[in-house]
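*Asks:* Protein chains in written order, with my numbering: chain A, 1 to 459; chain B, 1001 to 1459.
Structure in structure tokens, see below.
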């Protein structure tokens, strides 16, 4: 599809999308992504930056006595604006929310908080909820692809593209017309922000980016419903998002096979609780260790062969001093998978600074790999070279890391990840987790979405 | 002052600034700017985009029953977050809030809403209020200068630099330590946004930018008070604001003569209610008309000789269809001053589409001028060439438009402008305006800043 006004085409698509237009397998994947997101949202409970944002929200007016949306980490009620803000912060903390490889964009953490908060406030149906979620995914992913690699070098795409994705979701929940949806895009896009500078300091901005993308997107759509006008070419215009924040933007990506290609199904689940840029190498290391029956003690050194984006994002951290920083440290991630076979929230929390892990970390280097870089971001190939203590040079490779569309998680694996996260943070007991899961798998057929935890109590 | 860590130097300055450090003439100018801002904030009452933002704020949680900050357009109480948001939207609507020429930045509209809301909530003193205001001006202006002309081509500096200015103001009001202030800068800067794309459509984003700069800056400082960490080099870092949004950033500008040069006093009052880029030519036209005793009917055509920034910002609007768009239309502004000697809110509202104005508009063209462009943005020179019906070619010139530091407004002129704006919007009666003015001139010596309107009632 080509058009001289892609912002309008994309907004019209988002405003017009109905549940019945969405193929069944896409609906099913959306439900899986919802359950996966819910686990991440619960997993953020107790995290200092998340609790800070929750405290601010409460002081700023969240607890105004008439909110119908739930803040999942503490089960309080708030207005949709603040519930979306806090749930978005929470669901990006443990670094296990989903990601679209090609867009380098985390859709769930900005889309679901908005959809859930507005659905709860309006007692909307599961069908409308799913339509709003799919609209958000399709919009956000295409904007991430459009903004390109030059954008992602400095900007956190989940913050920038995420603001418009949140607006698309909110706009669909609010039933905006195509014209209003375009206004919502304009008001959202002009607020798009999020810089990578915080990574160097292990600062708390990542959760702030998702919190504000969700909140600002919701605000943009609410304003549009009230007639507030936005720029009509905020994405592709001469002084729009790409003009300001990209040097390789490709407008054709914005409308790529709308309604035919379902980008939502290309989204990867994050199996390891680490920055996605570490996953391909982690799985490649697991593969070579399994193939040759290696123990961590057998390994002299590891070379992770990566794309430039991995070096850009991971390069700044050399000696991690916090769990969050460790999740962006290739050496720590490879050490954890070498010792535990998995780098989950518990492995990070308990093991990132352990002596054997620290020692293994020092044996890992990253090098740029031409093939991996060429394939990226469409494919995230994992390649490692392992030198063993007994002098062998072995190579490991995965073409699709675990959780990617061609190597996706089963519903059982998603439920297991959910239980691990709820248990890790203490946001829900085992029994509560079971009730939450039961209800979440059935979200698409809910007639009136309400409290998640009240369902639990009634059960 | 040179430093390898300008973000820190600037944050430390802002956190450490005390009232007694500020020269008396700077305090006096700050009070003048406050009164000028208050008029603009009242002037926004009833404006559709402003009322939309106020409605959203109220639905999102502003009216939570314990707010101590005032929303000036409707005299309701709200939390500081929402009061700052709405007052910032309101004070940027009539296009008469102040501007710093060199930074192309409107400080008042993002600084005062934050300072006033937090002062009211804490019943702070006028001395602390002034210190917070001066901190915000000094920080925001230097960041605007730092980001440079390349930034302003696409980004609305008042939205971007304004977010950090608001954080500096809020941080000073909250008594942040230098380390916390640097955190606040980090959380604010990573949220910096605002694109010029909306101008083409005459969309409502300009007030959204100031609303969110104020609110996000206040949030950033509040989070910092709670230990929320921000990037320590958000301004100059490799993935910071300049890296993402400027190609000609000059870090030396960030710390230019801190504590010696008071950039606040370089701020211009806006005499005409139009985009600042039109003012030099408007005053030059008034000058040539006065010098030669010309009436509008004597004029065949006018060539406004302008800097590139004026063409970039004003160029998009050819036929204004709204008052707001008219304020960004050189032809309309020159027509209004030609007929009325002044382009104020009333002249725009009643006259922008009048037949003689529309006819005059068609006689105006803008051309790039080498000398004007070289001087910009340090000096905003106005040059026009007028061709008269009787065949003369006359030139008009002003080296400093009315309201600029060397041609500043008197307190009487500021008060008159205040009364015009309050009357225009109906936000305050004549009597209320008198009471508000009396109190506002004395803000620096207030012991406990409270409600502005209650003072009015008690009087």
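Here a beta-carbon is modelled for each residue, glycine too, at the ideal position from N, C-alpha and C.
(1) May I ask you to list, following chain order, the residues of the stretch 167-198 of chain A that have a beta carbon less than 9 Å from some beta carbon of chain B?
(2) Is the Cβ of residue 52 (chain A) closer than 8 Å to any Cβ of chain B?
(3) Is any beta-carbon of chain A found at less than 8 Å from that of residue 1049 (chain B)?
(4) If we define contact as Cβ-Cβ less than 8 Å, is residue 1222 (chain B) a contact residue for chain A?
(5) Looking at residue 187 (chain A) and residue 223 (chain A), is the spacing between their C-beta atoms short of 8 Å?
(6) Is residue 1319 (chain B) helix, strand or coil by DSSP?
(7) So the alpha helix (DSSP H) residue 1094 (chain B) belongs to, where does it begin and stop?
(8) So residue 1201 (chain B) and residue 1173 (chain B) are in contact, right, with Cβ under 8 Å, and what is the actual spacing, rounded?
(9) At the 8 Å Cβ level, is residue 1209 (chain B) part of the contact set with chain A, yes or no?
(10) Show which residues of chain A have a CB atom less than 8 Å away from the CB atom of residue 1055 (chain B).
(11) Could you give the DSSP three-state label for residue 299 (chain A): helix, strand or coil?
(12) 8 Å is my cut-off, CB to CB: does residue 1239 (chain B) come that close to chain A?
(13) Got a sec: is the Cβ-Cβ distance from residue 1368 (chain B) to anything in chain A below 8 Å?
(14) With DSSP collapsed to three states, give me the class of residue 397 (chain A).
(15) Please classify residue 246 (chain A) as buried or exposed, where buried requires at least 16 neighbouring CB atoms within 10 angstroms.
(16) Got a sec: is the Cβ-Cβ distance from residue 82 (chain A) to anything in chain B below 8 Å?
(17) Assess contact between the stretch 1093-1104 of chain B and the stretch 1218-1236 of chain B, defined as three or more Cβ pairs (one per stretch) separated by less than 8 Å. Is contact present?
(18) Can you give the Cα-Cα distance for residue 1018 (chain B) and residue 1131 (chain B), rounded to whole angstroms?
(19) Using alpha carbons as the reference points, say which of A:171, A:83 and A:51 lies closest to residue 1061 (chain B).
(20) Does DSSP put residue 1070 (chain B) in a helix, in a strand, or in coil?
(21) Taking C-beta to C-beta, are residue 962 (chain B) and residue 1133 (chain B) nearer than 8 Å?
(22) Just the chain A side, please: which residues come within less than 9 Å of residue 1464 (chain B) by C-beta, in chain order?
(23) Quick one: any contact between the stretch 1203-1214 of chain B and the stretch 1262-1281 of chain B, if contact means 3 or more CB pairs under 8 Å?
(24) By how many angstroms is the C-alpha of residue 1121 (chain B) removed from the C-alpha of residue 1080 (chain B)?
(25) Is DSSP giving residue 461 (chain A) helix, strand or coil here?
(26) What is the DSSP secondary structure of residue 435 (chain A), reduced to helix, strand or coil?
(27) So with CB distances below 7 Å, who are the chain B contacts of residue 154 (chain A)?
(28) Can you tell me whether residue 72 (chain A) is buried or exposed? The criterion is at least 16 other CB atoms within 10 Å of its CB, across all chains shown.
(29) Please list, in chain order, the residues of the stretch 1058-1078 of chain B that have any C-beta partner in chain A closer than 8 Å.
(30) Just how far apart, CA to CA, sit residue 1181 (chain B) and residue 47 (chain A)?
(31) For the alpha helix (DSSP H) that residue 384 (chain A) lies in, which residues bound it at each end?
(32) Buried or exposed: which applies to residue 1092 (chain B), given that a residue is buried once 16 or more other Cβ atoms fall within 10 Å of its Cβ?
(33) Consider the Cβ of residue 1203 (chain B): report whether some Cβ of chain A lies at a distance smaller than 8 Å.
(34) If you draw a straight line from the alpha carbon of residue 459 (chain A) to that of residue 1059 (chain B), how long is it in whole angstroms?
(35) Residue 289 (chain A) touches chain B at which residues, Cβ-Cβ below 7 Å?
(36) My output table needs one value for residue 6 (chain A): the three-state DSSP class, helix, strand or coil.
*Replies:* According to the structure shown:
(1) Answer in chain order: 183, 186, 187, 189, 190, 191, 192, 193, 194, 195, 196, 197 and 198.
(2) True, the Cβ-Cβ gap to chain B drops below 8 Å.
(3) Chain A, which has a Cβ nearer than 8 Å to the Cβ of residue 1049 (chain B), makes this yes.
(4) It does; some Cβ of chain A falls within 8 Å.
(5) A contact, by the Cβ cut-off of 8 Å.
(6) If DSSP states are grouped into helix, strand and coil, residue 1319 (chain B) belongs with coil.
(7) Where residue 1094 (chain B) is concerned, there is no enclosing alpha helix (DSSP H), given that its DSSP letter is neither H nor E.
(8) The pair is not a contact, with the Cβ atoms about 36 Å apart (cut-off 8 Å).
(9) Yes, contact with chain A.
(10) The contacting residues are 226.
(11) Strand, per DSSP.
(12) By this cut-off, residue 1239 (chain B) is an interface position.
(13) Residue contact with chain A for residue 1368 (chain B): absent (no Cβ-Cβ distance below 8 Å to any residue of chain A).
(14) Residue 397 (chain A): strand per DSSP, three-state reduction.
(15) Its Cβ being crowded by 16 or more others within 10 Å, residue 246 (chain A) is buried.
(16) By this cut-off, residue 82 (chain A) is an interface position.
(17) Too few Cβ pairs lie closer than 8 Å, so no.
(18) So the two alpha carbons sit approximately 6 Å from each other.
(19) Closest option to residue 1061 (chain B), judged by alpha-carbon separation, among A:171, A:83 and A:51: A:83.
(20) Of the three classes helix, strand and coil, the one that applies to residue 1070 (chain B) here is strand, per DSSP.
(21) With chain B covering 1001 to 1459 only, the question about residue 962 (chain B) has no answer from this structure.
(22) With chain B covering 1001 to 1459 only, the question about residue 1464 (chain B) has no answer from this structure.
(23) The stretch 1203-1214 of chain B makes no contact with the stretch 1262-1281 of chain B, as fewer than three CB pairs between them are under 8 Å.
(24) Rounded to whole angstroms, residue 1080 (chain B) to residue 1121 (chain B) spans 7 Å at the Cα level.
(25) In the structure displayed, chain A extends from 1 to 459; residue 461 (chain A) sits before or after that span and is not available.
(26) Collapsing the DSSP output to three states places residue 435 (chain A) in a helix.
(27) Neighbours of residue 154 (chain A) on chain B, chain order: 1239, 1243 and 1244.
(28) Around the beta carbon of residue 72 (chain A), 16 or more other beta carbons sit within 10 angstroms, so the residue counts as buried.
(29) If the cut-off is 8 Å between Cβ atoms, the stretch 1058-1078 of chain B has 1059, 1060, 1061, 1062, 1063, 1064, 1065, 1067 and 1078 near chain A.
(30) Distance between the alpha carbons of residue 1181 (chain B) and residue 47 (chain A) is about 22 Å.
(31) Not the alpha helix (DSSP H): residue 384 (chain A) falls in the beta strand (DSSP E), residues 382-388.
(32) Counting every other CB atom within 10 Å of its CB across the protein chains shown gives residue 1092 (chain B) a total of 16 or more, marking it as buried.
(33) For residue 1203 (chain B), the answer is yes, since a Cβ of chain A falls inside 8 Å of its Cβ.
(34) Because the pLDDT of residue 459 (chain A) is 37, which lies under 50, any placement of that residue in the model is unreliable, and the question is left without a value.
(35) Using a Cβ-Cβ cut-off of 7 Å, residue 289 (chain A) is close to nothing in chain B; its nearest Cβ partner there is about 34 Å away.
(36) Shown here, residue 6 (chain A) sits in a helix according to DSSP, grouped into three states.
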